[in-house]
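Residue numbers (my numbering), protein chains in the order written: chain A, 1 to 146; chain B, 1001 to 1128.
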Amino acid sequence: MRYIQFTQPSYRGPSAYRFGGRAAGFDNEIDWLFGTTLTGLAGGNRGQFPVELYEDKQNTYVRAELPGVNRDAVNVEYADGSLSIRASRKAKTAEGEKDVALSREVSIPDEVQADKVTAAYENGVLTVTLPRREETKAKKINVSVN
Amino acid sequence: MSFLNTLIPTRNGSSEGASATESRRPHYEVSETEGSYDLTVYLPGVAKEGLEITDEAGELTIIGKRNTRLPEGSTLLHREVSDAGFKLVVTHDETVDAEKIVAELRDGVLQLKLAKAESAKPRKVVVA
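This is the structure:
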């Protein structure tokens, strides 16, 4: 049985600790209460973006909302059970265009075949596929009872 | 909690357990140029087929259906946004020429150009 988090976009509660390593401090509580977290796409909230984590029998998937980022500048790295996603977006300001850096770290609960991680970007959503290592896939073992 | 829900503005206007019919307001930016108003709407997960733009009686409505349902046989572990689609209603006056609205969707970002009506553009008056 897994504990499923549904946080209406905030980094509150245990997930704040688990994803990104930020402690769920009082500021976060206030942000959550007034819905101020993530409202500023351009530079607000330290360039974070919402993510979603799901799995099937073979893979673990991370889906990130990254509308309008430069495809070539999307950087996905996996190391030591942690997935790092970095991207940048051009934002219009009063002085003209400027680059806004976005980044997020996500802890992956399962063992991953690091060399087989793939990513796809479609309609502003980045989907990272992380194949699980053989030994962590569920194995069916027949045990004979005498 | 109903009292709190009315008191505290939620970002999406919806609480937990959002059904498919509910929607959230996307992040958007408006800027003005000499000949038009430019609207940038962030719609991650919305494809061209799921986008509906209508302009009626000074109300520009943008509805984006998200194609982000989980694949069959997968289990959700963590989620920060709902599957609900986007809905944005922007009102404008008669200075926008509804016939000349140009829209472009790319990588989940919708760019709308609302051309100003001729009557709204500055006009130089020549003194005879």
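We treat Cβ as the ideally placed atom computed from N, Cα and C, and that holds for glycine. No experiment lies behind these values; they were computed from the predicted model shown.
Check: Residues that DSSP places opposite residue 1086 of chain B in a beta bridge; Outcome: B:1024 and B:1064
Check: Cross-chain neighbours of residue 1047 of chain B in chain A, by beta carbon under 7 Å; Outcome: 123
Check: CB of residue 126 of chain A within 7 Å of CB of residue 117 of chain A, strictly; Outcome: no
Check: Residue burial classification, residue 71 of chain A (beta-carbon count within 10 angstroms, cutoff 16); Outcome: exposed
Check: Contact with chain B by residue 78 of chain A, beta-carbon distance below 7 Å; Outcome: no
Check: Top-ranked residue by Cα proximity to residue 1041 of chain B, from B:1060, B:1082, B:1034 and B:1128; Outcome: B:1060
Check: Short CB-CB distance (under 7 Å) between residue 167 of chain A and chain B; Outcome: Examination of residue 167 of chain A is not possible in this model, given that chain A is present from 1 through 146 alone.
Check: Cβ-based contacts, 8 Å cut-off: residues of the segment 63 to 76 of chain A near chain B; Outcome: 63, 65, 66, 67, 68, 69 and 71
Check: Within the segment 1072 to 1118 of chain B, ranges of the beta strand (DSSP E) (whole runs, at least 3 residues); Outcome: 1075 to 1079, 1085 to 1091, 1096 to 1106 and 1109 to 1116
Check: Buried or exposed by the 16-neighbour rule on C-beta atoms within 10 Å, applied to residue 1079 of chain B; Outcome: buried
Check: Minimum Cβ-Cβ distance from residue 1107 of chain B to chain A less than 7 Å; Outcome: yes
Check: Cα-Cα separation, residue 1 of chain A to residue 60 of chain A; Outcome: Confidence at residue 1 of chain A is low in this model, with a pLDDT of 49, below 50, so the placement of that residue is unreliable and no value is reported for it.
Check: Buried/exposed call for residue 1127 of chain B, threshold 16 Cβ in 10 Å; Outcome: exposed
Check: Short CB-CB distance (under 7 Å) between residue 56 of chain A and chain B; Outcome: yes
Check: Cα-Cα separation, residue 1029 of chain B to residue 1114 of chain B; Outcome: 13 Å
Check: Local conformation of residue 47 of chain A per DSSP, three classes; Outcome: helix
Check: Own chain partners of residue 113 of chain A with C-beta closer than 6 Å, once the 5 adjacent residues on each side are dropped; Outcome: 131 and 133
Check: Three or more C-beta pairs below 8 Å linking the segment 1051 to 1066 of chain B and the segment 1074 to 1092 of chain B; Outcome: yes
Check: For residue 105 of chain A, the three-state DSSP class (helix, strand or coil); Outcome: strand
Check: Counterpart residues of residue 96 of chain A in DSSP-defined beta bridges; Outcome: A:93
Check: Contact set between residue 92 of chain A and chain B, taken where Cβ atoms lie within less than 8 Å; Outcome: 1029, 1031 and 1040
Check: Residue environment, residue 123 of chain A, which counts as buried when at least 16 other CB atoms sit within 10 Å; Outcome: buried
Check: Given 8 Å, three or more beta-carbon pairs between the segment 72 to 83 of chain A and the segment 1092 to 1111 of chain B; Outcome: no
Check: Distance, residue 109 of chain A Cα to residue 1049 of chain B Cα; Outcome: 35 Å
Check: Of the residues A:88, A:106, A:142 and A:144, the one placed nearest residue 54 of chain A, counting alpha carbons only; Outcome: A:106
Check: Alpha-carbon spacing of residue 1096 of chain B relative to residue 58 of chain A, whole angstroms; Outcome: 52 Å
Check: Contact with chain A by residue 1079 of chain B, beta-carbon distance below 7 Å; Outcome: yes
Check: Residue 63 of chain A, enclosing beta strand (DSSP E) - first and last residue; Outcome: 59 to 65
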